[in-house]
Amino acid sequence: MLPVVVVHGGADHIPKERSEKSTLGVCSAARAGYTILQGGGSSMDAVVEAVTFLENNPSFNAGCGSVLNIKGEVEMDAIVMDGKTLGSGAVSAVRNIANPIQLARLVMDKTSHACLTAEGANRFARSMSVPEVPLESLITEYSRMRWTKNLAADANPVECQIGKMGTVGAVAVDVEGNVACATSTGGILNKMEGRVGDTPCIGSGGYADNQVGAVSTTGHGEAIMKVTLARLILFHVEQGQSVEAASDLGLAFMKSRVHGLGGVVTVDPQGRWAARFSSLQMSWAAAQKDTLHYGLYTGEHSTQSIEKPV
Amino acid sequence: MTMAEGFSNGIKPEDQERNLKMSAVVVVHGGAWAIPDDLAEASVDGVKVAAREGFSVLNTGGSALDAVEAAVRALEDNTVFNAGHGAVLNAAGEVELDAFIMDGRTLATGAVSSVKNIANPVSLARAVMEKTSHIMLTSRGANLFAESIGTATVPTDTLVTEYERKEWEKHTNYVSGVMEDFNSQWKVSAVAHDTVGAVAVDSAGNVACATSTGGIRNKMVGRVGDSPIIGSGGYADNLSGAVSCTGHGESILKVTLARLILSHIEQGKSVADSSQLSLQYMGDRVCGAGGAIVVSPSGQWAATFTSERMAWAAVDRDVLWYGLDPKERLKEPLSQ
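Now the structure itself:
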């Protein structure tokens, strides 16, 4: 069994001028996660590390670079799940912290709960001495520009969401065969205050079970929730489908039943993995053995040596 | 290993097909926990009233969605249950409410978490579903939305009972509270109330579910349990059925209990077997106890629990069924 980490940077239509940053970003994140696995670290450490990289990267819609809600503020959602214990930690609508994925992990490790929301999540962050960061440090020129455009009375609701570079996430299996998932997002552009999407909802934004595998999802949040996409894909794996076929079945069902598009990264305890999407593009990268795999467009699967810096 | 106690209407699939008229059914629960004797009668009365409410909606041609909302509103308004009026208090002595509703026909869903000072969170959840392009709103955002649609705000005091204030003051240790209420066998301690919910199938064969709760006494501020999380606290799909769950929220989340039960139904198992298998799995894998009510599009239903007690009631073809203790299955004519 070969440990692997698979990372995504959002399923969406990514404008050409932003696609290079997206690819570089997911490759760096995959490398960072894989370094942990190579050192004998756990799949949970690996996915949290990979997602932390993406949250810190202003090109992605998570942590710094998150899209703005209708009021021009940042509210973030995140989840981690441990395939060994089925333990999970999630935060929804949390503000003013740099790394929601780490706070989600603290919820799992330091409380008897699975999810904290809004002011309660921030209160917990303070109790854990997680530094509070100013709103401005999370907002990029790009996210502010998109928010302003969407406020216009004649804003096109479909165009509104294009190119926001979606949710980020990762799945991994470590040398002991433990699987884990992590997903983080700023949500959708100009969302209502307090809107919670699929990301922090177990079974939707992600799911991990050592007996089956792990999934992290991205795409149209409300559609992902309606079909509990992560859990659905793992039901297919349980019934004998490959990670790739299971992912495709889940995405196809979401498209036909509720007309939603998205993407997923999936891994099983044997180290088999897939990065699949029904949207136009999804930036993704996977690190296994000595190879870095990555792609953006449908059918694209590029490789390079892990050692070579991108 | 705990055996799940479950009751279903035991209709064979071949008999179902012979029914020319789709049978409308509603099932409600008032929580799976060690319900103390001094609350037992009121709990059973409460679920019976709610089941009748839900059924009167179905009987006058209302949808499954209308029926589950009506049943859960009745339970929220009843202070004996931990939802709306009668909700438990969090660690800061405040009330934070979660609710969920789902339409099996379209998979449309509405949910609120950590909303304050609203008497009927299930109706607010429905408004999220019908009046926004979102599924879930939390906390202040949920309250702002409530305000924007003219939902009345009620003072916290009207939601909290004397009983709850006293219990909250007594039990500051949340962890031990959880062990006593949900997961222990044969202990008569009574510290926390629990979630309410309903499932229904209407005469058109549409299914729906709804769940509502105040959470767990002394929960951390902002704690969200299973109730408003799609696939955990509930799920509804015309292709398989509708489920509403109750019990130890964190355990229900770990196994996405509602969606798990329906996955067994999708594999061809009965509503009773699906519920029992799933609850036993939750007990074995994560040491969690709870209960679930299920209805299938063809009118099969079940009420199953691994906790000490679960207050439940169902109306199915002019008969009102109800129970509290394991193996208990009582009935009376609906017209009574």
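Taken in sequence, the protein lines are chains C and A. 78 is the number that my numbering gives to position 42 of the first sequence; each next residue is one higher, with no gaps. 409 is the number that my numbering gives to position 64 of the second sequence; each next residue is one higher, with no gaps. Yeah, the Cβ is synthetic: ideal placement off N, Cα and C, and Gly gets one too.
Taking Cβ to Cβ, would you say residue i is nearer than 8 Å to residue j?
i       : j       : result
V41(C)  : V83(C)  : yes
G429(A) : A464(A) : yes
L403(A) : D582(A) : no
A322(C) : E280(C) : no
H479(A) : E168(C) : no
V273(C) : G249(C) : yes
N135(C) : T88(C)  : yes
G633(A) : A648(A) : no
N97(C)  : G46(C)  : yes
H151(C) : S179(C) : It should be noted that the sequence gives Cys, not His, for residue 151(C). No, they are not a contact pair.
G239(C) : S577(A) : yes
G592(A) : G636(A) : yes
V103(C) : G222(C) : yes
G417(A) : S557(A) : Residue 417(A) is actually Val in this sequence, not Gly. Result yes, Cβ atoms of V417(A) and S557(A) sit closer than 8 Å.
G391(A) : V425(A) : yes
G205(C) : G255(C) : no
G69(C)  : A208(C) : yes
S341(C) : D326(C) : yes
S589(A) : I638(A) : yes
L504(A) : A432(A) : yes
S283(C) : T302(C) : yes
How long is the line joining the alpha carbons of residue i and residue j, rounded to whole angstroms?
i       : j       : result
I610(A) : R568(A) : 31 Å
E512(A) : W378(A) : 16 Å
S338(C) : Q621(A) : 47 Å
N246(C) : V664(A) : 45 Å
V43(C)  : V215(C) : 14 Å
S173(C) : M181(C) : 15 Å
I115(C) : K676(A) : 44 Å
A436(A) : S148(C) : 13 Å
F445(A) : L469(A) : 9 Å
A415(A) : L482(A) : 21 Å
G233(C) : S680(A) : 44 Å
R604(A) : Q277(C) : 19 Å
G307(C) : G76(C)  : 15 Å
R363(A) : Q645(A) : Low confidence applies here, because R363(A) scores a pLDDT of 43, under 50, leaving its location unreliable and the question unanswered by this model.
W531(A) : D539(A) : Bear in mind that the predicted position of W531(A) carries a pLDDT of just 29, short of 50, making it unreliable; the figure below should be weighed with that in mind. In a straight line, the C-alpha of W531(A) is about 18 Å away from that of D539(A).
K366(A) : L584(A) : Reliability of the predicted coordinates at K366(A) is poor, the pLDDT of 48 falling under 50, and the value obtained from them is presented with this limitation in mind. Going from the Cα of K366(A) to the Cα of L584(A) covers about 18 Å.
D118(C) : F490(A) : 34 Å
I133(C) : D618(A) : 45 Å
K515(A) : G286(C) : 48 Å
M164(C) : E475(A) : 38 Å
H374(A) : T253(C) : 33 Å
Y333(C) : T59(C)  : 11 Å
Does residue i have its Cβ less than 8 Å from a Cβ in chain A?
i       : result
R54(C)  : no
M318(C) : no
I238(C) : yes
A157(C) : yes
R267(C) : yes
K391(C) : Residue 391(C) cannot be examined here, being either before or after the span of chain C that is shown, 37 to 346.
C151(C) : yes
Relative to the alpha-carbon of residue i, which residue among the options has its alpha-carbon at the smallest distance?
i       : options                            : result
I380(A) : N427(A), F400(A), S408(A)          : N427(A)
E56(C)  : G331(C), S341(C), E274(C), G156(C) : G331(C)
C100(C) : L171(C), R293(C), A208(C), C237(C) : L171(C)
D113(C) : P94(C), A86(C), A157(C)            : A157(C)
R613(A) : L469(A), G586(A), L598(A), G592(A) : Strictly speaking, residue 613(A) in this sequence is Gly, with Arg absent from that position. Nearest of L469(A), G586(A), L598(A), G592(A) to G613(A), Cα basis: G586(A).
G376(A) : S368(A), A387(A), R471(A)          : A387(A)
Y580(A) : Q625(A), V640(A), D618(A), V631(A) : V640(A)
G335(C) : G241(C), R312(C), Q138(C), L328(C) : R312(C)
L38(C)  : S314(C), M318(C), D304(C), Y333(C) : D304(C)
T601(A) : V631(A), D618(A), A617(A)          : V631(A)
C554(A) : G406(A), P642(A), H516(A), F650(A) : P642(A)
N462(A) : T454(A), A453(A), D448(A), D443(A) : D443(A)
Within 7 Å: the Cβ of residue i and any heavy atom of the ligand PLP?
i       : result
S619(A) : Looking at this structure, you won't find the ligand PLP or any other ligand, since it has none at all.
Assuming residue i and residue j are in contact, meaning their beta carbons sit under 8 Å apart, how far apart are those beta carbons, in whole angstroms?
i       : j       : result
V473(A) : A456(A) : 7 Å
A412(A) : V371(A) : 5 Å
If we cut at 8 Å on Cβ distances, does residue i have a partner in chain C?
i       : result
V536(A) : Low confidence applies to V536(A): its pLDDT is 40, below 50, so where it sits in the model is not reliable, and the reading given next is rough at best. Chain C contact via Cβ: absent.
S577(A) : yes
S654(A) : This sequence places Arg at residue 654(A); Ser is not what is there. Output row for R654(A): interface = no.
S589(A) : no
S623(A) : no
E439(A) : no
M474(A) : no
A470(A) : no
R510(A) : no
W531(A) : Residue confidence is low: W531(A) scores 29 on pLDDT, short of 50, so the model does not pin down where it sits. Its coordinate-derived value is still stated next. Chain C contact via Cβ: absent.
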